[in-house]
Amino acid sequence: MDRLDELAIFIEVLNHGSLSAAARKLRRSAPAVTRAIASLEQRFGARLVERTTRRLAPTEAGLRLAERALIVLNAYNEALQDTASTQLKGRLCITAPVVFGRRFVAAVVMEFQALHPELQIELLLNDRNLDFIEQGIDAAVRIGNLQDSSQVARRLGEVSIVLVASPQYLARQGVPRHPAELSQHQVILGNIGTASEWRFGLHEEGPRVRLSPHLLFNDVETRRLAVKAGKGVARFLSYQVADDLAEGSLVRLLPEFEPLPLSVQLVVQNMQRIPPKVRAFWDFAWQRLSQLPQLQK
336 MDRLDELAIF IEVLNHGSLS AAARKLRRSA PAVTRAIASL EQRFGARLVE
386 RTTRRLAPTE AGLRLAERAL IVLNAYNEAL QDTASTQLKG RLCITAPVVF
436 GRRFVAAVVM EFQALHPELQ IELLLNDRNL DFIEQGIDAA VRIGNLQDSS
486 QVARRLGEVS IVLVASPQYL ARQGVPRHPA ELSQHQVILG NIGTASEWRF
536 GLHEEGPRVR LSPHLLFNDV ETRRLAVKAG KGVARFLSYQ VADDLAEGSL
586 VRLLPEFEPL PLSVQLVVQN MQRIPPKVRA FWDFAWQRLS QLPQLQK
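Counting with the working numbering, you get residues 336 to 632 for the letters of the sequence shown.
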């Protein structure tokens, strides 16, 4: 977690006198707020809050830290405002997965460019992790674990790998109650190069299902339309079908067997000094994308 985030969480806990209230205000989970306070106390080397009969209150050390934290956070916000008001120029290259970029990142890019009209922003949508150096990329949205330790990431949230089908298909073929039953169902895959089996559960020893797909589409949107048309069952990242699940045109299957969620991160190259235009976009995009309900648990 960003250390400025820890200070901001600490101030909100003091303002509200409650971990849960601060979590609601910040749209974080209560355990995440608890971990942030514990991490801050460990780094500070002293207890910062204590529980009274009704609420959390700062210790003497907590009061001292709060005074300095407010100075730091105010200076940081002023610096962001100064950066936002400074005319940024030149080329800025952003990359993101195709569907995620089309639905969420493109709007952020256009909003940021409107604030800085002298910037030329290129958005590359690709489901492969494009190389920062070869492609001249400044920032990227990545889903899953980072493979390059030279990169710096800010967590935006997480997505699940969900199995779905249409109500019409389930009325015709029945609802699977266990992954093993999927061998009796029509399966739709991304393409022939994808895995020939699906793994279920949180651990490697979870159920595995060998696949014999009858339809293969290398495009997410085509695959989604096929599932909505009742042609079979398929797996997606949760944000790709969130609207369909909300409106009931698709049904989530076997949620208790889903694999571990995948982190969604905003990534830049680990440089000694991030250029102002990249830092400004990184902060701006994080503020927008980390609030997406599609990335919350």
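We put the CB at the ideal spot given by N, CA and C, even for glycine.
Source: prediction; values computed, not measured.
So what does DSSP say about PHE571, is it helix, strand or coil?
It is a strand residue.
Using a Cβ cut-off of 9 Å (strictly closer), state whether LEU450 contacts chain B.
The structure shown has no chain B; it contains just one protein chain.
Once DSSP output is grouped into helix, strand and coil, what is the label at LEU427?
Note: LEU427 maps to strand in three-state DSSP.
Specify the secondary structure class of PRO596 as computed by DSSP and reduced to three states.
DSSP places PRO596 in coil when its eight states are reduced to three.
So what's PRO338 in DSSP terms, helix, strand or just coil?
Before going on, a small fix: residue 338 reads as Arg here, not Pro. Looking at ARG338 - three-state DSSP - the assignment turns out to be helix.
So LEU491 is in the beta strand (DSSP E); what residue range does that whole segment cover?
Per DSSP, LEU491 belongs to the beta strand (DSSP E) from 486 to 494.
Taking GLN629 as part of the alpha helix (DSSP H), name the residues at either end of that continuous run.
Counting along the chain, GLN629 falls outside any alpha helix (DSSP H), and DSSP gives it neither H nor E.
Note down the Cα distance separating PHE467 from ASP554, rounded to an integer number of angstroms.
Going by the C-alpha atoms only, they are around 24 Å apart.
Taking GLU453 as the reference, which of PRO502, LEU427 and LEU459 has the closest Cα?
Looking at the Cα atoms, LEU427 is the closest of the given residues.
Alpha carbon to alpha carbon, how far is GLN519 from PHE345? Give it in angstroms, no decimals.
Roughly 53 Å separates the two Cα atoms.
According to DSSP, is GLU532 helix, strand or coil?
Correct three-state label for GLU532: strand.
Tell whether a beta-carbon distance below 9 Å holds between VAL544 and ALA569.
Going by C-beta atoms, VAL544 is not nearer than 9 Å to ALA569.
Would you mind listing the beta strand (DSSP E) stretches within the segment 437 to 513 that are 3+ residues and don't spill past its ends, in chain order?
Counting whole runs of 3 or more residues, the segment 437 to 513 contains the beta strand (DSSP E) stretches 454 to 460, 474 to 478, 486 to 494 and 496 to 500.
Under 8 Å: does the beta carbon of SER518 sit that close to some heavy atom of the ligand COA?
The ligand COA is absent from the structure shown, which contains no ligands of any kind.
Taking ARG512 and PRO594 to be in contact with their CB atoms under 8 Å, please state how far apart those CB atoms are, rounded to whole angstroms.
Actually they are not in contact, since the Cβ atoms of ARG512 and PRO594 sit about 18 Å apart, beyond 8 Å.
For GLY380 and LEU405, I'd like the C-alpha separation in whole angstroms.
The alpha-carbon atoms of GLY380 and LEU405 are separated by roughly 19 Å.
Quick test of the definition: if touching needs 3 or more C-beta pairs under 8 Å, does the segment 567 to 586 touch the segment 492 to 504?
At 8 Å Cβ cutoff, the stretches touch.
Would you list, in sequence order, the uninterrupted alpha helix (DSSP H) runs of no fewer than 4 residues that lie entirely inside the segment 341 to 408?
Listed in chain order, they are 354 to 361 and 365 to 379.
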